[in-house]
Amino acid sequence: MRICPLSSGSSGNSAYVEAGDTRLLIDAGLSCRRLCALLNEIGVRPETLNAICVTHEHIDHVRGIALLSKKYDIPIYANTACHRSMYDRLAALPRSSIRIFESDEPFYIGKVELLPFTIPHDAAHAVGFRISHNRHLLTVMTDVGYIDERIFGLVEGSSCVLLEANHDVDMLMAGCYPPDLKQRILSPLGHLCNEDCARAVVRLAQRGLKTVLLGHLSDENNFPSLALRTVEAALSEAGLADEVVIEVARRDAPTGFFEVA
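Written as structure tokens, this is what we have:
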């Protein structure tokens with residue numbers, strides 16, 4: 005199994021996951037044309053995708069989903085609340101294109117098991133995905149306000165995680181965002197800051213994490229070097245600096261392939 009973040013940030017999110025013969029897109033938050041260009045850039049033909057799996061309905065996660073699905077006959081997997089919130093966007097698609105999953109219940113696409121687990125975020129019903137193939141675990145978890153014991157219990161043991169490191173708190177508070185937006189980002193239904201991300205990475209590293217991809221960085225309230233430095237420092241303090249490969253997912257281009265083993 006391997007993963008390639010195609011784009012990760014407030015302007016659009018999508019990640020390609022390949023496991024055996026199964027090819028998945030987690031979110032489709034860019035235009036169909038841009039998504040196709042990025043997939044072609046990494047050597048993947050859009051028509052070979054088996055599914056688009058949706059974490060939640062915000063535009064930076066579903067912008068290109070309807071046209072991509074229609075053009076290449078790719079089924080869309082979402083939970084009931086997310087599907088309802090996207091109804092107008094998906095109304096022109098045939099019913100056969102929509103597959104509803106139950107959050108917090110595993111399902112299969114080919115030989116790949118996916119567990120869509122509920123995460124706190126101000127969406128209709130946001131989920132992360134724990135993806136399992138040949139006893140290897142990959143987790144995709146962005147747009148998460150906080151990580152509680154339930155979530156840790158579900159994702160511990162993942163060897164690779166795409167995890168949100170959205171903002172630096174000091175940069176956010178000193179920045180130009182209006183007060184209500186700052187509070188939304190900082191709230192339990194908002195986004196994960198660098199320090200909280202770093203604490204999560206340390207805990208996951210103690211349970212087998214080998215690769216972490218830092219995603220969904222704010223263009224206004226973070227720097228890739230700052231997010232990277234914060235996580236590296238936390239791992240070093242915990243004596244785990246040599247145990248985890250850390251990469252920052254790019255906002256506007258593929259980050260490259262990462263093996264999940």
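Residue numbers (our numbering): 5 to 265. For every residue, glycine included, the Cβ atom is placed at its ideal position computed from N, Cα and C.
Residue i, buried or exposed, once every other Cβ within 10 Å from all chains shown has been counted against 16
| i | result |
| --- | --- |
| Ser100 | exposed |
| Ala96 | exposed |
| Glu229 | The sequence given here has Ser at residue 229, not Glu. Exposed. |
| Glu109 | exposed |
| Ala82 | buried |
| Arg67 | buried |
| Glu22 | buried |
| Gly157 | exposed |
| Asn138 | exposed |
| Leu166 | buried |
| Glu153 | exposed |
N-terminal and C-terminal residue of the beta strand (DSSP E) that residue i is part of
| i | result |
| --- | --- |
| Thr143 | 140-145 |
| Thr122 | 116-122 |
| Cys164 | 164-168 |
| Val216 | 215-219 |
| Val252 | 249-252 |
| Val131 | 131-137 |
| Ile63 | No beta strand (DSSP E) holds Ile63; the alpha helix (DSSP H) holding it covers 63-66. |
| Phe105 | 102-105 |
Residue from the options with nearest C-alpha to residue i
| i | options | result |
| --- | --- | --- |
| Thr52 | Pro79, Ser162, Asp64 | Pro79 |
| Leu213 | Asn226, Glu224, Ala245 | Ala245 |
| Val116 | Ala55, Asp174, Cys201, Ser89 | Ala55 |
| Leu39 | Ser18, Cys57, Val58 | Ser18 |
| Ser89 | His129, Ile250, Glu247, Val144 | His129 |
| Pro120 | Ala127, Lys186, Ala237, Phe133 | Phe133 |
| Asp92 | Ile63, Gly243, Ala204, Asp174 | Ile63 |
| Thr122 | Asn138, Tyr112, Arg139, Met145 | Met145 |
| Ala204 | Ala238, Gly13, Glu247 | Ala238 |
| Gly16 | Leu190, Asp25, Leu42 | Leu42 |
| Gly243 | Gln210, Phe111, Ala127 | Gln210 |
| Glu199 | Leu28, Tyr150, Thr26, Asn138 | Tyr150 |
| Lys75 | Phe261, Val248, Lys186, Pro50 | Pro50 |
| Ala265 | Pro183, Lys186, Ile189, Thr215 | Thr215 |
Whether residue i touches residue j by CB criterion (8 Å)
| i | j | result |
| --- | --- | --- |
| Leu208 | Ser162 | yes |
| Ile104 | Thr84 | yes |
| Ser222 | His171 | yes |
| Glu168 | Cys201 | yes |
| Leu218 | Val235 | yes |
| Pro124 | Leu193 | yes |
| Pro258 | Glu45 | yes |
| Glu263 | Arg6 | yes |
| Val131 | Thr59 | yes |
| Leu28 | Ile113 | yes |
Short CB-CB distance (under 8 Å) between residue i and chain C
| i | result |
| --- | --- |
| Cys57 | The question asks about chain C, but that chain is absent: this structure has only one protein chain. |
Residue i versus residue j - alpha carbon distance
| i | j | result |
| --- | --- | --- |
| Val148 | Asp256 | 21 Å |
| Asp31 | Ile69 | 8 Å |
| Leu118 | Ser11 | 21 Å |
| Val48 | Cys164 | 21 Å |
| Ala231 | Cys36 | 29 Å |
| Gly33 | Pro98 | 21 Å |
| Ala253 | Arg233 | 14 Å |
| Pro9 | His65 | 13 Å |
| Leu142 | Leu196 | 19 Å |
| Leu71 | His87 | 16 Å |
| Cys180 | His220 | 19 Å |
| Ala178 | Phe111 | 44 Å |
| His140 | Ser73 | 28 Å |
Continuous alpha helix (DSSP H) stretch holding residue i: start and end
| i | result |
| --- | --- |
| Cys57 | Where Cys57 is concerned, there is no enclosing alpha helix (DSSP H), although the beta strand (DSSP E) it sits in stretches over 55-57. |
| Thr234 | 228-241 |
| Thr84 | 84-89 |
| Gly13 | It is not in any alpha helix (DSSP H) - Gly13 carries neither H nor E in the DSSP assignment. |
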